[in-house]
Structures are given as structure tokens and as C-alpha cells.
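Chemist: This is the structure I have questions about; it appears just below.
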Amino acid sequence: MTHRTAALRFSERWAAFREGLTEYYAGPYRQTLARERRDEDDLFTLVVLGEALGVPDPAAYYSAELMPMLAEDFHAWHRRMGMPRSPLDQMSCC
Amino acid sequence: MLLMDERRRILFVGGKGGVGKTSLASAIALARSRRGARVLVVSTDPAHNLGHLWERDVEDEPVRLAENSSGGCVDGMEIDPERTIARHLAAVEQTMIRMLPERQHAQAREHLERARVAPGSHESAVLERIAEAAELIDGDYDLVIFDTAPSGHTLRLLALPGQLAGWTDTLLRNRDRSERFSAAMRGLTGRVEQGSSSEAELRRTLHLRRARFENLQRAITDAETCGFVVVFTAEALPVAETLEVVESLNGMHVDVAALIANRRSPNDAGDLLRARRDVEDRHLRAVHAALPEIPVIEVPLVAGELTGVEALGVLAELLQQEIVRPRTPQS
């Protein structure tokens, strides 16, 4: 084994070790933050979809504009909200 | 500041139903245009009268109603809320189709139907068009006059920009919080997470909306640029409503540019009309006493039908004269 190869192997292992440590310490915090962010996002979705879910929304004209941007996460969203099937007749994501 | 001052770029003409709002809004437009201004009259009243008054077909887009040699003109427009909503939802539908798989397209359309028929959509649509029209004062027109629906509707409409700005603020704060959590996560791990492009588009849309509401709110509360003209006839009910409307407008910080006492009975056309004039005088004294700082312009009762460009021209002339003449209440 040459000197350079050994040095390279060592720096790779060190990087992997550091990443493992970071994950060990930061992991739980990151999970909490991720959950908090998801809560904000879920609330947002609920507000925007209000009218479609039967909650009168006086700003429905403007909420409608924001709906397309929620489409991709819709399925995951309704599962998280405890609705096993899509609550909207029109969205057959599942 | 005089009603016809060039600094006034936006006027709302309001008042009880049937007092002559549309006629006077059009007359003001004509008077200003004869001094070289390009004026747009926008009817926000669902019971549109602009076309009937000018004896023309007036649509959801500006239509030329009058031109003159000084370079001024009057264009007219009757807002169609349903067409506005349809266009808005069609644009949203395009975005949806772009972001959804083919099999969900029909469903996306059904999804949007709810917004079309939701209560509040009509008002939002009218507000949207008012905001668009008000933005035209930077280029296409020197003055935009809104011929509004009878008082209550219009007052609620004027309060909307402020409320909707609050709505967009709430949603933007939600997005900010979400973004902060993302940033904190990035800070913790140094790893950049895949943000969705939807997020950026969402923020952009919300920011544009808020800017529009804020600009409109600022415009209508700017006393130099924008004013409200309350039209009334000097009778008990219109006067009572006028005083209430002025109070509401003061509360909303909308400048009341003038009051117009329309269809004033003449002194020299028989006993019946003179008797009516006396009653009107009494009401006008009460108005002057209640609102001493607001100029009251009196427009006489005109013989004949007030429709068509020529008749409106006569009204415009009358209005011109009255505005310039200092008016003291009859004692």
C-alpha cells in the first residue's frame, strides 16, 4: 500500500465517522424540526383546501390559486391527517 | 382640493340606489375629458347602467364612449364577475394540469368548481378588477372613476383589500415558519434538502397577491390621489344614508371628496316644485351643519331624459359651473 492510498483511505473513513457522529447527535433534533415543519405545511394545506373540504372559505377565489402547488403532496397529507381514503371525491390519489 | 383637480386619479361615486350615480360619474368623466384627460368609467354595480345611459354596448373590457379635440376621451367598462372568475379559474386549471398526471385532469376541474360558486368569489372577482383598473392610472388613463353599487356593497368592497392583505400575511408567516425549520435542519446537518419547486411558486404567488392588496389599500386611503363622491337627493332617507356612509368612510380613512345634491327642485317653476325646494333646503342645511368641511355640489333637476352623449354633455356643463361657484346654504 502506497503512502497516498493509505492517506486517502484514512480521510474517507474519517469523513464517514464524522457523518455517523453528526447523525447520532443531530438526528433526533432534525426529526423534531422535520415534524414541526410538516405541521406548518399540513396547516397550510388545510387552510387552502378548506372550501373543497366543506369549510366555507371567504377567500376561496384566492385559495384556489394556491391549490395546484399542494397537489403533489396531497396523498401523503390526507394519510397523515388520519383519512385513509382521499377526502375529496375528485382527487383519486389512492 | 376641488373635485376636478388633476391630482385626483381615482374617484369612487357612490350613494343610495336611484339618485343618479351613473349619470354623475359619467358627467364628471366627460367634464374632465374635455380638459384633455383620458378617463375610464368602471361600473362595479351588478345592475349595470352604464350602457343604458350612454346608449351603447358596454362590455367587460374598455369601450370608447367619447372623444374630443383636446385629446381627452372617455372609455367605459362594466365588470362581469362571472367572466372574471372563469378566467381566473381557467388560469389555475392550466397550472393544475401542468402539475398533475393525465388521469387526474378531469378531477382537477371538478375540484375548482367549488371556488367558482363559493360565497365571496363574486366580491373577490370585482375587487380584483378594481385593483387592475386602479393600476391603469400609471399609464393608460389619467383618471379612473368607479360607478359603484349602492352604499353597503361598496363599503364592504373597500374594506376587502385590508382584510385580504391580512389573510396573505397569515399564510406567508406560515411559510416563513416552515422555511425556518428547513433552515434549522440544514444548519444542523449541513445537508441541503431537496426543496420542492412548488414552494417557491407558492411564495411568489402569495407575495404578488399581498403586493396587489397593499397597493390598492394604499391608493384608496391616499387623500390626494383618491376620493369618494357621495351622490344624494335632498330627501330624508338619502340624507340619513349619506351621513352614515360618510361616517363609515371616515372610519376607513377614505377621503370624501364631495357630496352631490342631485335633482334640485327649481325656485321658479311653480308652487309644487318651490315647496319641494324648501324641504330640500332644510335637508341641505342639516347636511352642511353635520359635515361643514365637505363641499356640497348642487345639480339642478333637468328637464328631459338624461341619456346619450349630448344630454350627458349638458349635465357635465352644469356640474362644471356648480363646482366653480362657491355655494352658501340658503337661510
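These protein sequence lines are chains A and B, in that order.
Numbering follows the numbering used here, with no gaps: position 28 of the first sequence is 28.
Counting the second sequence from 1 gives a position; the numbering used here is that position plus 1000.
The C-beta atom is built at its ideal place from N, Cα and C for all residues, glycine as well.
Bear in mind the structure is a predicted one, so any value in this text is a computation, not a measurement.
Does the beta carbon of Pro58 (chain A) sit closer than 7 Å to a beta carbon anywhere in chain B?
Modeler: Yes, contact with chain B.
Chemist: Consider the Cβ of Arg37 (chain A): report whether some Cβ of chain B lies at a distance smaller than 7 Å.
Modeler: Yes, Arg37 (chain A) lies at the interface with chain B (some Cβ there is under 7 Å from its Cβ).
Chemist: Output yes or no for whether 7 Å exceeds the beta carbon distance between Ala947 (chain B) and Leu1243 (chain B).
Modeler: Residue 947 (chain B) cannot be examined here, being either before or after the span of chain B that is shown, 1001 to 1331.
Chemist: For Leu1301 (chain B) and Asp1140 (chain B), I'd like the C-alpha separation in whole angstroms.
Modeler: Going by the C-alpha atoms only, they are around 34 Å apart.
Chemist: Kindly indicate the opening and closing residues of the beta strand (DSSP E) around Arg1008 (chain B).
Modeler: First-last for Arg1008 (chain B): undefined, no H or E at that position.
Chemist: Along the beta strand (DSSP E) that carries Ala1234 (chain B), what are the first and last residues, could you check?
Modeler: Counting along the chain, Ala1234 (chain B) falls outside any beta strand (DSSP E), and DSSP gives it neither H nor E.
Chemist: Using the Cα positions of Glu1179 (chain B) and Arg37 (chain A), report the straight-line distance between them to the nearest angstrom.
Modeler: The alpha-carbon atoms of Glu1179 (chain B) and Arg37 (chain A) are separated by roughly 8 Å.
Chemist: Please report whether the beta-carbon of Leu1208 (chain B) lies at a distance below 7 Å from any beta-carbon of chain A.
Modeler: Cβ-Cβ to chain A under 7 Å: no for Leu1208 (chain B).
Chemist: Would you mind telling me which residues of chain B sit closer than 7 Å to Asp41 (chain A), beta carbon to beta carbon, in chain order?
Modeler: Those are Ser1178, listed as they occur along chain B.
Chemist: What's the gap between the Cα of Asp1278 (chain B) and the Cα of Arg1218 (chain B)?
Modeler: Each residue's alpha carbon lies about 42 Å from the other.
Chemist: My output table needs one value for Pro1150 (chain B): the three-state DSSP class, helix, strand or coil.
Modeler: Looking at Pro1150 (chain B) - three-state DSSP - the assignment turns out to be coil, as it is neither helix nor strand.
Chemist: Count the other CB atoms within 10 Å of the CB of Phe10 (chain A); is the residue buried (16 or more) or exposed (fewer)?
Modeler: Exposed, by the Cβ-count rule.
Chemist: Would you mind telling me which residues of chain B sit closer than 7 Å to Met69 (chain A), beta carbon to beta carbon, in chain order?
Modeler: Residues of chain B passing the Cβ test: Ser1198, Glu1201, Leu1202.
Chemist: Does Tyr29 (chain A) have its Cβ less than 7 Å from a Cβ in chain B?
Modeler: Tyr29 (chain A) counts as touching chain B.
Chemist: Quick one: Cα of Met83 (chain A) to Cα of Glu12 (chain A), how far?
Modeler: Each residue's alpha carbon lies about 46 Å from the other.
Chemist: By alpha-carbon positions, which one of A:Val47, A:Ala6, A:Ala52 ends up nearest to Glu1113 (chain B)?
Modeler: Residue A:Ala52 is the option with its Cα nearest to Glu1113 (chain B).
Chemist: Taking the alpha helix (DSSP H) that Glu72 (chain A) belongs to, which residues open and close that run?
Modeler: Taken as a continuous stretch (DSSP letters only), Glu72 (chain A) belongs to no alpha helix (DSSP H), as it is neither H nor E.
Chemist: Examine chain A for any beta-carbon lying closer than 7 Å to the beta-carbon of Phe1181 (chain B), and answer yes or no.
Modeler: Yes, because at least one Cβ of chain A sits closer than 7 Å to the Cβ of Phe1181 (chain B).
Chemist: Taking 7 Å as the CB-CB limit, is Asn1068 (chain B) close to chain A?
Modeler: No, because no Cβ of chain A sits closer than 7 Å to the Cβ of Asn1068 (chain B).
Chemist: Measuring straight from C-alpha to C-alpha, what distance separates Ala1286 (chain B) and Val1239 (chain B)?
Modeler: Cα to Cα, the separation comes out at about 9 Å.
Chemist: Taking 7 Å as the threshold (C-beta atoms), are Leu1053 (chain B) and Thr1307 (chain B) in contact?
Modeler: Yes.
Chemist: Ignore the nearest five residues each way along the sequence and tell me which others in Pro1292 (chain B)'s own chain have a CB closer than 7 Å to its CB.
Modeler: Here the set comprises nothing.
Chemist: Can you list, in chain order, the stretches of the beta strand (DSSP E) that have 3 or more residues and sit fully within the region 1276-1322 of chain B?
Modeler: Fully enclosed beta strand (DSSP E) runs of 3 or longer: 1296-1300.
Chemist: Strictly by DSSP, which residues pair up with Ala1258 (chain B)?
Modeler: Answer is B:Val1229.
Chemist: Are the region 55-65 of chain A and the region 1115-1131 of chain B in contact at 8 Å, needing three or more beta carbon pairs?
Modeler: Short answer: they touch.
Chemist: If contacts are defined as beta-carbon pairs under 8 Å, then Cys1073 (chain B) and Arg1038 (chain B) qualify, I think. What distance do you get, rounded to the angstrom?
Modeler: The pair is a contact, with the Cβ atoms about 5 Å apart (cut-off 8 Å).
Chemist: Assuming Gly1227 (chain B) contacts Arg1008 (chain B) under a Cβ cut-off of 8 Å, what Cβ separation, rounded to an integer in Å, is found between them?
Modeler: Rounded, the Cβ-Cβ distance is 6 Å, consistent with contact.
Chemist: Count the C-beta pairs between the region 1180-1189 of chain B and the region 1151-1158 of chain B that are closer than 8 Å, then say yes if the count reaches three, no if not.
Modeler: No: the two stretches stay apart, fewer than three of their Cβ pairs being nearer than 8 Å.
Chemist: Give, in chain order, every unbroken run of the beta strand (DSSP E) that is at least 3 residues long and sits entirely within the region 1104-1167 of chain B.
Modeler: The qualifying runs are 1143-1147.
Chemist: Which term fits Thr2 (chain A), buried or exposed, when burial requires 16 or more other beta carbons within 10 angstroms of its beta carbon?
Modeler: Exposed is the call here.
Chemist: For a test of the three-state rule: what should DSSP assign to Ala1183 (chain B), helix, strand or coil?
Modeler: Helix.
Chemist: Closest Cβ-Cβ distance between Leu21 (chain A) and chain B: below 7 Å?
Modeler: No, its Cβ sits nowhere closer than 7 Å to a Cβ of chain B.
Chemist: Any chance the region 1010-1024 of chain B sits against the region 1230-1237 of chain B, with 3 or more Cβ pairs inside 8 Å?
Modeler: Enough Cβ pairs lie closer than 8 Å, so yes.
Chemist: Ile1010 (chain B): which of B:Gly1304, B:Asp1281, B:Val1254 sits nearest, CA to CA?
Modeler: Among B:Gly1304, B:Asp1281, B:Val1254, the Cα nearest to that of Ile1010 (chain B) is on B:Val1254.
Chemist: Secondary structure at Met1099 (chain B), three-state DSSP: helix, strand or coil?
Modeler: Correct three-state label for Met1099 (chain B): helix.
Chemist: Starting from Ser63 (chain A), trace the alpha helix (DSSP H) both ways and give me its first and last residue.
Modeler: From DSSP, the alpha helix (DSSP H) with Ser63 (chain A) extends over 60-66.
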